[in-house]
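Accompanying notes for the structure given below.
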Amino acid sequence: MLRRSLFFWIDRLQITPSERYLMTTLFAILLIISTLRLFLQPTFGYDADYYAPIEAEFNRLSAKRSEEKATLMKRYYPPPLSGTKETREAFVHDQEVPAGETGSAVSNTTDQTTTGAETETDKININKAGADQLKKLPGIGPVIAERIIAYRNEHGAFETMEQIRNVNGIGPARLDNIKSHIKL
Numbered sequence: 210m211l212r213r214s215l216f217f218w219i220d221r222l223q224i225t226p227s228e229r230y231l232m233t234t235l236f237a238i239l240l241i242i243s244t245l246r247l248f249l250q251p252t253f254g255y256d257a258d259y260y261a262p263i264e265a266e267f268n269r270l271s272a273k274r275s276e277e278k279a280t281l282m283k284r285y286y287p288p289p290l291s292g293t294k295e296t297r298e299a300f301v302h303d304q305e306v307p308a309g310e311t312g313s314a315v316s317n318t319t320d321q322t323t324t325g326a327e328t329e330t331d332k333i334n335i336n337k338a339g340a341d342q343l344k345k346l347p348g349i350g351p352v353i354a355e356r357i358i359a360y361r362n363e364h365g366a367f368e369t370m371e372q373i374r375n376v377n378g379i380g381p382a383r384l385d386n387i388k389s390h391i392k393l
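With the first letter of the sequence shown counted as 1, position 52 gets the number 261 in my numbering; the numbers rise by one all the way through.
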């Protein structure tokens, strides 16, 4: 019965006998190949010695990039000049510590902490400071320092702390970061 229904199904496709033999042969070849793939293990052409120099170069470049990132982070997001030891440690722990320097970054920065608030003489006068002094402020780079100077030359001295927000690139967060380090 099954054979008869299969024959009528093939007959409905209107396939010639030579096409039927060809399809049967191709199906048999496909079945043999799939069975062989189950039993034969594929071989991988991986040679560790060949890839070792490439991997070493990748690791070297990755370490170099991490160092550059750490340098930029220190420059544009330095730890607060005043504050407790805990805030400095929290800042350092948020950064990536290069391999082989576990804990040394924390001990170096915590030794430099000041006790108590900054004195008035330590603060930078925003109305008189040059670009080099302004770049010492946390989060202020050469571009924003030049913008502060240009704004000051165009509009005159800053009269309030909130007026500094008119400089392009200084928003509420950046102003909060530098507020304790500047004076008018």
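The beta carbon of each residue, even a glycine, is placed where N, CA and C say it ideally should be.
DSSP assignment within the segment 323-373 yields the following whole alpha helix (DSSP H) runs of 4 residues or more, N-terminal first: 340-343, 351-364. Per the DSSP secondary-structure output, K283 pairs with nothing in a beta bridge. With fewer than three CB-CB distances shorter than 8 Å, the segment 342-357 does not count as touching the segment 242-259. Classified as buried, F367 has 16 or more neighbouring CB atoms from the shown chains inside 10 Å of its CB. The alpha-carbon separation between A382 and R356 amounts to approximately 17 Å.
Contact check for I391 against L346 passes: the beta carbons are separated by less than 8 Å.
In this structure P226 is exposed. Its beta-carbon is surrounded by fewer than 16 other beta-carbon atoms within 10 angstroms.
Under the three-state reduction of DSSP, I263 is assigned to helix. Classified as exposed, I263 has fewer than 16 neighbouring CB atoms from the shown chains inside 10 Å of its CB.
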